[in-house]
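Novice: Chains E and L, in that order, are what the protein sequence lines are.
Counting from 1, one number per residue, gives the positions in the first sequence under my numbering.
Counting from 466, one number per residue, gives the positions in the second sequence under my numbering.
Number of protein chains: 2
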Amino acid sequence: MRALILAAGEGKRLYPLTKEKPKALVKVAGVPLVERVLYALKKVGIDEASIVVGCKGELIEKRIGESFSGMKIGYIKNHDWEKGNLYSLIAAKDRFRENFLLLMSDHLFDDRVISSLVAQELDSSIKLVIERRKGSEDDTGVLERNGRIEKIGKGLKESNCIDTGLFLCSPKFFSYAERAKRENKGEVADGVALAAEAEDAEIFDMAKIDAYVSGMRREVPPYWMDVDSKEEIKEAKRLLVENASKGASDFLAYYVHKPAENKIVYYLSETGITPNQVTIMVNVLAYFVTALFFTGHLLLASILIFLVGILDGLDGKLSRVKNQTTKLGSMEHSFDFLYECSWFIALALNLQIEGESLALTSRLSISPLVFSVFIILFVAFYRNCYDQFRKTAGKSLDDWGRFERVFRRIAGRRNLYNLPILAFVLLGMPIYSLVFVFFHSMLTMIVYGWRVCKHLREEDRKAAR
Amino acid sequence: MRALILAAGEGKRLYPLTKEKPKALVKVAGVPLVERVLYALKKVGIDEASIVVGCKGELIEKRIGESFSGMKIGYIKNHDWEKGNLYSLIAAKDRFRENFLLLMSDHLFDDRVISSLVAQELDSSIKLVIERRKGSEDDTGVLERNGRIEKIGKGLKESNCIDTGLFLCSPKFFSYAERAKRENKGEVADGVALAAEAEDAEIFDMAKIDAYVSGMRREVPPYWMDVDSKEEIKEAKRLLVENASKGASDFLAYYVHKPAENKIVYYLSETGITPNQVTIMVNVLAYFVTALFFTGHLLLASILIFLVGILDGLDGKLSRVKNQTTKLGSMEHSFDFLYECSWFIALALNLQIEGESLALTSRLSISPLVFSVFIILFVAFYRNCYDQFRKTAGKSLDDWGRFERVFRRIAGRRNLYNLPILAFVLLGMPIYSLVFVFFHSMLTMIVYGWRVCKHLREEDRKAAR
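#1: Using 10 angstroms around the beta-carbon of Ile911(L), count the other beta-carbons present and answer buried if the total reaches 16, otherwise exposed.
#2: Tell me Trp689(L)'s beta-bridge partners as DSSP assigns them.
#3: Contact between the segment 186-194 of chain E and the segment 68-78 of chain E: three or more CB pairs below 8 Å?
#4: Any contact between the segment 677-685 of chain L and the segment 832-848 of chain L? By contact I mean 3 or more CB pairs, one from each, below 8 Å.
#5: Taking DSSP as the reference, what is the three-state secondary structure of Arg97(E)?
#6: Hey, does Asp670(L) have any beta-carbon neighbour from chain E nearer than 8 Å?
#7: Need the endpoints of the beta strand (DSSP E) that Val129(E) sits in, please.
#8: Can you pull the chain E residues whose beta carbon is under 7 Å from the beta carbon of Phe846(L), in chain order?
#9: Contact criterion: CB-CB distance below 8 Å. Does Gly778(L) meet it with respect to chain E?
#10: Indicate the three-state DSSP secondary structure (helix, strand or coil) for Met71(E) in the structure shown.
#11: Whose Cβ in chain L lies nearer than 7 Å to the Cβ of Thr326(E)?
#12: Tell me whether Leu102(E) sits in a helix, a strand or coil according to DSSP, three-state version.
#13: List, in chain order, every chain E residue whose beta-carbon is nearer than 7 Å to that of Arg950(L).
#14: I want to verify the contact list: residues of chain E whose CB lies under 8 Å from the CB of Ala751(L), in sequence order.
#15: State the start and end residues of the unbroken beta strand (DSSP E) segment that holds Cys161(E).
#16: Can you grab the Cα-Cα spacing for the pair Glu183(E) / Gly394(E), in whole Å?
#17: Answer with buried or exposed for Ile60(E), where buried requires no fewer than 16 other C-beta atoms within 10 angstroms of its C-beta.
#18: Write down the C-beta distance between Asn883(L) and Ile770(L) rounded to the nearest angstrom, noting that I regard them as a contact closer than 8 Å.
#19: Between Ala253(E) and Asn415(E), how many whole angstroms is the CB-CB distance? I'm expecting something under 8 Å.
#20: Run through the segment 727-810 of chain L for me and flag every whole alpha helix (DSSP H) of 4 or more residues, listed as ranges in chain order.
#21: At a CB distance below 8 Å, what residues from the segment 42-76 of chain E approach chain L? Give them in sequence order.
#22: For the beta strand (DSSP E) containing Asp205(E), name the first residue and the last one.
#23: At what residues does the alpha helix (DSSP H) containing Gly449(E) begin and finish?
#24: Between Trp756(L) and chain E, is the shortest Cβ-Cβ distance under 8 Å, so that the two count as touching?
#25: Note down, in chain order, every chain E residue with its Cβ under 9 Å from the Cβ of Leu862(L).
#26: According to the Cβ coordinates, are Val31(E) and Ile64(E) closer than 8 Å?
#27: Compile a chain-ordered list of the residues in the segment 442-456 of chain E whose CB is closer than 7 Å to at least one CB of chain L.
#28: Just to confirm, are Val493(L) and Lys702(L) a CB contact at a threshold of 8 Å?
#29: Assign Glu735(L) to buried or exposed, taking buried as 16 or more other Cβ atoms, counted over all protein chains shown, within 10 Å of its Cβ.
#30: If you draw a straight line from the alpha carbon of Gly309(E) to that of Asp94(E), how long is it in whole angstroms?
#31: Show which residues of chain L have a CB atom less than 9 Å away from the CB atom of Ala359(E).
#32: Determine the contact status of Leu427(E) and Val321(E), defining contact as a CB-CB distance below 8 Å.
#33: Thinking C-beta only, is Phe836(L) closer than 8 Å to Val749(L)?
#34: Short of 6 Å in beta carbon distance, which residues of its chain neighbour Leu156(E), apart from the five on each side in sequence? Order them along the chain.
#35: Using beta carbons (cut-off 8 Å, strictly below), is Val370(E) in contact with chain L?
#36: Whose Cβ in chain L lies nearer than 8 Å to the Cβ of Ile376(E)?
Here it is in structure tokens:
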């Protein structure tokens with residue numbers, strides 16, 4: 001399926017951001033609006049898009065070019081862009097002989113909304129995606145009754161949902177657009193109103209989309225947003241950052257990491273720093289901490305691991321906010337594991353060299369290395385269990401059931417291990433940090449191993465019935 | 466889509482196996498033929514099948530019941546089963562108003578062949594899957610020219626391909642079947658011949674199916690097989706076992722493990738032992754070996770790890786041969802990792818307690834535990850890299866390119882580590898087995914980390930263009 005993006009607008013209300021560029025090139029979190037639409041289309045599998053340009057259109061052509069991330073891009077000029085977006089649509093009339101996606105370049109769309117719409121049947125000339133809430137005066141309101149569109153229009157008083165600016169269109173819709181033009185109307189919504197009158201328009205309620213995202217360990221409500229003012233740019237940024245946050249598993253993640261990460265990503269997104277660069281910086285810092293542990297600078301190291309913990313969440317979040325998720329980035333967790341383990345080894349080696357050990361009886365004592373070797377084994381095992389479970393069951397173990405949702409709050413993980421490390425270093429008995437993490441990771445390993453086997457066995461039984 | 470399975474046959478040539486049951490219930494590697502067809506259909510996503518029964522049909526109904534692994538099963542009686550399978554097809558005439566899959570219960574089918582056929586368009590009354598080779602007298606031969614079926618029939622002399630007994634049918638095909646019946650014919654192939662005459666039949670060449678299977682790390686040619694005699698049952702078993710073998714990575718796997726596993730699975734498949742039971746037995750044995758290492762019975766332990774290595778490959782292979790792959794079974798590798806690491810820890814602890822260490826200078830020596838902690842770290846890291854890469858890139862790293870196909874022969878893995886362990890134990894310097902595995906696993910970690918990052922970066926660049 002091909003897509004048509006209307007990007008002819010000037011964006012007066014965004015002045016002076018739109019002094020030297022069209023609205024479609026205004027950046028939200030470092031990425032121009034029209035590129036955000038293109039990234040979403042790409043993610044959905046659309047491989048060709050036409051962009052209707054008008055005001056300062058040559059700047060869009062120059063920026064995007066004829067190909068964007070493997071998508072073929074064409075341009076259509078609308079000289080009457082000042083008359084309204086209906087004219088942009090009509091300018092594309094001869095290019096579409098089959099059903100197509102119609103999008104506004106100044107709206108942000110969750111790609112799940114687009115992919116759900118693409119999967120829909122089209123039984124009329126146009127299907128518009130609606131959100132079921134009362135809109136503001138700026139929104140195009142829709143009054144829906146029993147699945148039919150009774151009224152549609154900007155600032156419609158009696159509306160019960162909002163036109164999101166995302167449509168599945170048949171070529172037939174152009175005739176309604178032409179009629180609206182003949183009636184001296186200027187908005188796409190006016191064409192929709194005519195189609196609705198002829199009972200030739202449908203709606204798709206975005207609330208129908210499943211909000212759970214396994215990779216995010218939580219429900220992320222599918223979003224859309226109209227970006228018209230500088231306040232809305234900020235709001236959009238906040239929305240993007242919030243949506244890029246994975247489900248927090250523990251109080252530390254919720255009260256410390258998430259807010260800190262969000263704040264940093266909010267500003268970082270405007271810079272040219274890439275997620276991969278962040279990953280490299282975090283790794284450099286992490287191995288510096290390893291060196292500190294090994295050389296006995298335990299207090300400084302135990303404080304810096306908290307910093308690493310916060311910075312470590314930035315790369316993934318930044319990549320999601322800026323549409324820069326890469327395949328290489330998926331390897332980040334493997335490298336995380338490496339530096340995490342290096343800390344335990346470095347700490348154990350340092351204590352070993354210092355001659356420390358845990359005396360059980362006068363004759364038997366356990367060396368720090370024994371704790372670290374088991375910690376690494378346990379951590380590697382439960383991480384592997386966790387990954388394998390998600391792959392096999394299609395859902396994060398953390399979210400499987402009531403028990404899991406409680407256990408995840410205390411399950412062993414890097415950020416939680418930081419607490420006993422700092423605590424026992426402060427108390428002057430660092431070997432107990434290894435002892436503590438040893439038991440914590442062992443508990444986690446046992447619980448994960450048990451739950452994973454239990455749930456998969458149940459799944460197998462269900463499938464066999 | 467629904468499926469129709471013809472299972473009315475007696476199976477005379479399989480006597481005495483068919484003395485007390487119909488041909489469809491004859492077992493190949495412990496699983497009745499008709500169940501193999503049902504498992505394949507289930508894997509493809511078919512949720513309803515009708516089985517035409519004739520000779521001793523009540524035994525099939527009793528065995529399969531009204532539901533099989535979540536698939537709804539219906540039965541159709543064919544009292545004229547002795548007249549040929551055309552009569553079985555016609556008996557189902559009133560049950561199919563839409564396109565359906567037609568299968569012979571006494572043929573083994575690779576589920577990939579079925580899924581490829583299901584994805585095909587049907588532009589005529591019937592599409593038959595063919596294999597492009599000269600068949601024997603028992604086969605239904607097809608003479609194909611320019612995509613058209615010129616002739617079809619049992620033992621056809623001038624044939625250039627074989628009818629595999631797998632069809633995509635439209636209800637229209639029943640009229641050809643009826644015509645063939647009126648002409649006193651008895652085989653489905655006779656109906657196909659009439660459809661072909663009317664240019665209303667097509668072929669699908671199974672060679673068109675992509676043979677690469679990422680999970681098997683190799684190309685597994687899609688198969689089908691007609692099982693008519695006791696020799697063919699054995700041949701089918703060999704084929705199933707061979708197809709269940711993953712791509713061997715090293716000479717040990719190729720020359721020792723694979724043949725040994727295949728032989729054991731060949732016999733094991735006839736018993737009631739389940740893959741999960743095998744997994745449990747292997748784990749019990751493995752931890753017995755751990756205890757041997759810890760208590761200093763190094764020679765016995767170093768020999769038994771080879772046995773564990775062979776037995777460890779049985780569960781997966783057995784499950785593939787018997788269609789008993791489970792979600793729980795996917796956790797096997799996590800548990801493998803656990804016992805593998807336990808050996809290194811047990812060996813290191815034993816040596817540590819014995820006071821052994823690797824003296825570098827007169828003042829500096831490295832304790833065995835240091836080696837084991839790094840071995841576990843390296844192994845966990847490269848396994849994680851490997852898994853993550855397959856998930857992200859969709860292909861096994863081992864198969865990515867020329868370098869990988871060479872490196873996999875020497876890459877560190879459990880079975881290869883067994884060799885230096887035994888060697889250095891025999892030489893009376895067991896600590897060197899840890900030193901050797903330390904360097905081997907480190908090399909593997911570095912190479913995997915490097916190649917994975919390199920390839921994913923290239924993929925990202927390609928995608929961005």
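We put the beta carbon where it would ideally sit given N, CA and C, even for glycine.
Specialist: Taking the definition as stated:
#1: By one-based count along the second sequence, residue 911(L) stands at place 446. The residue is exposed, with fewer than 16 neighbouring Cβ atoms inside 10 Å.
#2: The residue given as residue 689(L) occupies position 224 in the second sequence. BP columns for Trp689(L) point to Phe574(L).
#3: no
#4: no
#5: What you label residue 97(E) is simply residue 97 of the first sequence in a count that begins at 1. Of the three classes helix, strand and coil, the one that applies to Arg97(E) here is coil, per DSSP.
#6: In the second sequence, residue 670(L) corresponds to position 205, counting from 1. For Asp670(L), the answer is no, since every Cβ of chain E falls outside 8 Å of its Cβ.
#7: The residue labelled residue 129(E) in the question sits at position 129 within the first sequence. Looking at the DSSP string, the run of the beta strand (DSSP E) that includes Val129(E) is Ile126 to Glu131.
#8: Numbered from 1 along the second sequence, position 381 holds the residue referred to as residue 846(L). What Phe846(L) touches in chain E: Ser334, Phe337 and Leu338.
#9: Here residue 778(L) corresponds to residue number 313 of the second sequence, with the count starting at 1. No, Gly778(L) does not count as interfacial toward chain E.
#10: Stepping through the first sequence from its first residue, residue 71(E) is reached at position 71. In the displayed model, Met71(E) falls within a strand according to three-state DSSP.
#11: Within the first sequence, numbered from 1, the residue matching residue 326(E) stands at position 326. Ordered by position in chain L, the residues that pass the 7 Å Cβ test against Thr326(E) are Asp925.
#12: Within the first sequence, residue 102(E) is the residue found at index 102, counting from 1. Correct three-state label for Leu102(E): strand.
#13: This structure gives no information on residue 950(L), because the portion of chain L shown stretches from 466 to 930.
#14: Sequence index remark: in the second sequence, residue 751(L) carries index 286 (1-based). Simply none; closest approach about 14 Å.
#15: Counted from its first residue, the first sequence places residue 161(E) at position 161. Per DSSP, Cys161(E) belongs to the beta strand (DSSP E) from Cys161 to Cys169.
#16: Position 183 of the first sequence, counted from the first residue, corresponds to residue 183(E). Position 394 of the first sequence, counted from the first residue, corresponds to residue 394(E). Straight-line Cα distance between these residues: approximately 52 Å.
#17: Position 60 of the first sequence holds residue 60(E). Classification of Ile60(E): buried, given that the 10 Å Cβ count is 16 or more.
#18: The residue you call residue 883(L) lines up with position 418 of the second sequence. The residue you call residue 770(L) lines up with position 305 of the second sequence. Their Cβ separation, rounded to whole angstroms, is 5 Å, which keeps Asn883(L) and Ile770(L) in contact under 8 Å.
#19: Residue numbering aside, residue 253(E) sits at position 253 when the first sequence is read from its first letter. Residue numbering aside, residue 415(E) sits at position 415 when the first sequence is read from its first letter. Going by Cβ atoms, the distance from Ala253(E) to Asn415(E) rounds to 6 Å, so yes, they are a contact pair.
#20: 740-759, 763-777 and 779-786
#21: From the segment 42-76 of chain E, only Ser67, Ser69 and Gly70 have a Cβ closer than 8 Å to chain L.
#22: Position 205 of the first sequence, counting from 1, holds the residue named residue 205(E). Residues Ala201 to Asp205.
#23: Stepping through the first sequence from its first residue, residue 449(E) is reached at position 449. Counting along the chain, the alpha helix (DSSP H) containing Gly449(E) begins and ends at Ile431 to Ala464.
#24: Taking the second sequence and counting its residues from 1, the one referred to as residue 756(L) is at position 291. In the sequence as presented, Trp is not what sits at residue 756(L); that position holds Ala. It does not; no Cβ of chain E falls within 8 Å.
#25: Locating residue 862(L) in the second sequence gives position 397, where the first residue counts as 1. None at all; the shortest Cβ gap to chain E is about 12 Å.
#26: Position 31 of the first sequence, counted from the first residue, corresponds to residue 31(E). Position 64 of the first sequence, counted from the first residue, corresponds to residue 64(E). It is not a contact, given that the beta carbons lie outside the stated cut-off.
#27: Val452, Cys453 and Leu456
#28: By 1-based counting over the second sequence, the position of residue 493(L) is 28. By 1-based counting over the second sequence, the position of residue 702(L) is 237. A contact, by the Cβ cut-off of 8 Å.
#29: Position 270 of the second sequence, counted from the start, is the residue given in the question as residue 735(L). By the 16-neighbour rule on beta-carbons within 10 angstroms, Glu735(L) is exposed.
#30: Within the first sequence, the letter at position 309 stands for residue 309(E). Within the first sequence, the letter at position 94 stands for residue 94(E). Whole-angstrom Cα-Cα distance: 55 Å.
#31: Taking the first residue of the first sequence as 1, we reach residue 359(E) at position 359. The premise fails here: Ala359(E) is roughly 16 Å from chain L at the closest Cβ pair, so nothing lies under 9 Å.
#32: For this step, residue 427(E) is matched to residue 427 along the first sequence. For this step, residue 321(E) is matched to residue 321 along the first sequence. Between Leu427(E) and Val321(E), the C-beta spacing is not below 8 Å.
#33: Position 284 of the second sequence, counted from the first residue, corresponds to residue 749(L). Position 371 of the second sequence, counted from the first residue, corresponds to residue 836(L). Cβ distance not < 8 Å, so Val749(L) and Phe836(L) don't count as in contact.
#34: Here residue 156(E) refers to the residue found at position 156 when the first sequence is read from its first residue. Cβ within range, chain order: Gly141.
#35: By one-based count along the first sequence, residue 370(E) stands at place 370. At least one chain L Cβ lies under 8 Å of Val370(E).
#36: Position 376 of the first sequence, counting from 1, holds the residue named residue 376(E). Near Ile376(E) (Cβ distances below 8 Å), the residues of chain L are Val838, Ile841, Leu842 and Ala845.
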